[in-house]
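A.B. asks:
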Amino acid sequence: MQLQATIHYLTLMKNATLIYTTLFIFCTIMMTAQEYTLPLWPNEMPNSQVSDETEEYGDRNIKWITGVQIPDIKVYLPTEKIATGQSVLICPGGGYRGLAYDWEGTDIAKWLNSKGIAGIVLKYRLPESKSVVTARHAPLMDAQRAMRIIRHHAEDWHLDPEKIGVMGFSAGGHLASTLTVHHEDELVKHYDALDTLGAHPNFQVLVYPVITFSAADRHNGSKESLIGKESSDELIHYYSSENHVTANTPPTFLIHATDDKSVPVENSLLMYMSLKNQNVPVEMHIYPTGGHGFALALGLGYLEGWTDRLADWMGSLE
3 MQLQATIHYL TLMKNATLIY TTLFIFCTIM MTAQEYTLPL WPNEMPNSQV SDETEEYGDR
63 NIKWITGVQI PDIKVYLPTE KIATGQSVLI CPGGGYRGLA YDWEGTDIAK WLNSKGIAGI
123 VLKYRLPESK SVVTARHAPL MDAQRAMRII RHHAEDWHLD PEKIGVMGFS AGGHLASTLT
183 VHHEDELVKH YDALDTLGAH PNFQVLVYPV ITFSAADRHN GSKESLIGKE SSDELIHYYS
243 SENHVTANTP PTFLIHATDD KSVPVENSLL MYMSLKNQNV PVEMHIYPTG GHGFALALGL
303 GYLEGWTDRL ADWMGSLE
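For the sequence shown, my numbering gives the first residue as 3, with consecutive numbering after it.
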């Protein structure tokens, strides 16, 4: 199964350097079996330029990544015996300035695996990177590509191509919701055969998400990192996901804490009302306390049960 996935990826690569990368990936697959990494852009990376920037790992008691240079997905597949066919692309948060890669990424993927769900962590480029040409396009471009790669490998990974969701935390929740409402926007043209595959999520899970860039309820750090301190009304409207919900927006699960001092709970409330007004199936859990960035909420009392609510909801999806 894993060998076949690697061969499929190899057909997209065109030079010796990239073939070497593929061989490295192949060795990784053989060693880790159900856990491996794939680059998003095997050929020349779009929206990219040469810089002296390097990827860095900071010390915040978590794996904190800045200056992403080679975006990728890290794939965690559940044991086939318990696999449900569902998969989730996970977008870690970090205010579009860094990625809380394990706290809101790989830890979440491992929890999903325990429920028979594939967890696929997205390491996406950050808009403040000197290696990016058009800052605001990089995260969405990488998320769209990741969804297409998952669909391309769905058969190899024993996934249902119409049960692929997206999940995001904080600014990663903004990216997840942006992917959901703007998945059809053509940011990359004629890259390879995967362009023909849909980038749409079949459901979305938004955890203390940044949703709006409107003045009243926005998270200024995420807004300024993505579209700048001084930005047009057009850009603010485009990147406020509540403005773009339609009847075709997929089922959504929302969770937030009322006492969140970083991303106001009104972000989730705005998204909930937009979904409700379009008759989109939506489930929302608002907890009185928990603050911001609680991730799995281990040891935080009954807030810890939010993952049980999520597992129940995902099990109810058709």
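Backbone N, C-alpha and C define an ideal beta-carbon position, used for all residues, glycine too. On a predicted model such as this, the values are computed, not experimentally measured, just so you know.
Would you say the region 196-215 touches the region 267-274, given that touching needs at least three Cβ pairs under 8 Å?
C.D. replies: Output reads yes: the region 267-274 touches the region 196-215.
A.B. asks: So, using beta-carbon positions, are D74 and P44 closer together than 8 Å?
C.D. replies: Cβ distance not < 8 Å, so D74 and P44 don't count as in contact.
A.B. asks: Tell me which residue opens and which closes the beta strand (DSSP E) that Q51 is part of.
C.D. replies: First-last for Q51: undefined, no H or E at that position.
A.B. asks: Can you have a look at V52 and say buried or exposed, based on whether 16 or more other CB atoms are within 10 angstroms of its CB?
C.D. replies: exposed
A.B. asks: What does DSSP give as the partner residues of Y289 in its beta bridges?
C.D. replies: A259
A.B. asks: If we ignore side chains and look at the alpha-carbon of each, how far apart do P129 and G107 end up?
C.D. replies: 19 Å
A.B. asks: Report the partner residues of G121 according to the DSSP bridge assignment.
C.D. replies: The partner list for G121 (beta bridge, DSSP) reads Y78 and V90.
A.B. asks: Among the residues of its own chain, which have a CB less than 6 Å from the CB of Y126, if the five just before and after it don't count?
C.D. replies: P73, P141 and D144
A.B. asks: Note down the Cα distance separating T68 from K165, rounded to an integer number of angstroms.
C.D. replies: A direct Cα-Cα distance of roughly 31 Å separates T68 from K165.
A.B. asks: At which residues does the beta strand (DSSP E) containing G60 begin and terminate?
C.D. replies: E58 to D61
A.B. asks: Which of helix, strand or coil does DSSP assign to G174?
C.D. replies: Note: G174 maps to helix in three-state DSSP.
A.B. asks: Exposed or buried, Y98, counting other C-beta atoms within 10 Å across all chains shown (16 or more means buried)?
C.D. replies: buried
A.B. asks: In terms of residues, what are the limits of the alpha helix (DSSP H) holding L228?
C.D. replies: N222 to I229
A.B. asks: Counting C-beta neighbours from all protein chains within 10 Å, is the total for G307 16 or more, i.e. buried, or is it exposed?
C.D. replies: exposed
A.B. asks: When DSSP labels each residue in this structure, what does W66 get in the three-state scheme?
C.D. replies: If DSSP states are grouped into helix, strand and coil, W66 belongs with the strands.
A.B. asks: For the ligand SAM, is there a heavy atom less than 7 Å away from the beta-carbon of G200?
C.D. replies: With respect to the ligand SAM, the structure offers nothing, as it holds no ligand at all.
A.B. asks: Sort L312, R153 and G230 by Cα distance to P253 and report the nearest one.
C.D. replies: The residue with the shortest Cα to Cα distance from P253 is L312.
A.B. asks: For P41, name the three-state secondary structure that DSSP assigns.
C.D. replies: strand
A.B. asks: Going by the beta-carbon positions, is the gap between P94 and F171 smaller than 8 Å?
C.D. replies: yes
A.B. asks: Anyone know if the C-beta pair for G121 and V90 falls short of 8 Å?
C.D. replies: yes
A.B. asks: So what's T180 in DSSP terms, helix, strand or just coil?
C.D. replies: helix
A.B. asks: Quick check on the DSSP output: the alpha helix (DSSP H) that includes Q206 runs from which residue to which?
C.D. replies: Not the alpha helix (DSSP H): Q206 falls in the beta strand (DSSP E), residues F205 to V209.
A.B. asks: When you compare only the Cα positions, how much space is there between G78 and V134?
C.D. replies: Rather than Gly, the amino acid found at residue 78 in this sequence is Tyr. Rounded to the nearest angstrom, the two C-alpha atoms are 28 Å apart.
A.B. asks: For a minimum of 4 consecutive residues, which ranges assigned as the alpha helix (DSSP H) are wholly contained in the region 238-282?
C.D. replies: 268-279
A.B. asks: Assuming Y289 contacts A259 (C-beta within less than 8 Å), just tell me the rounded distance between them.
C.D. replies: 5 Å
A.B. asks: In whole angstroms, what separates the C-alpha of A299 from that of L305?
C.D. replies: For A299 and L305, the distance between alpha carbons rounds to 6 Å.
A.B. asks: Provide the residue span of the alpha helix (DSSP H) that contains D219, from first to last.
C.D. replies: D219 -> no alpha helix (DSSP H), and no H or E assigned at all.
A.B. asks: From the DSSP output, which residues share a beta bridge with L319?
C.D. replies: Bridge partners of L319: none, in fact.
A.B. asks: When you compare the CB positions of T251 and L228, do they come within less than 8 Å of one another, or not?
C.D. replies: 8 Å or more divides the Cβ of T251 from the Cβ of L228.
A.B. asks: Taking 8 Å as the threshold (C-beta atoms), are G100 and R153 in contact?
C.D. replies: When the beta-carbon positions are compared, R153 and G100 stay at least 8 Å from each other.
A.B. asks: Looking at the structure shown, is I166 part of a helix, part of a strand, or coil, going by DSSP?
C.D. replies: strand
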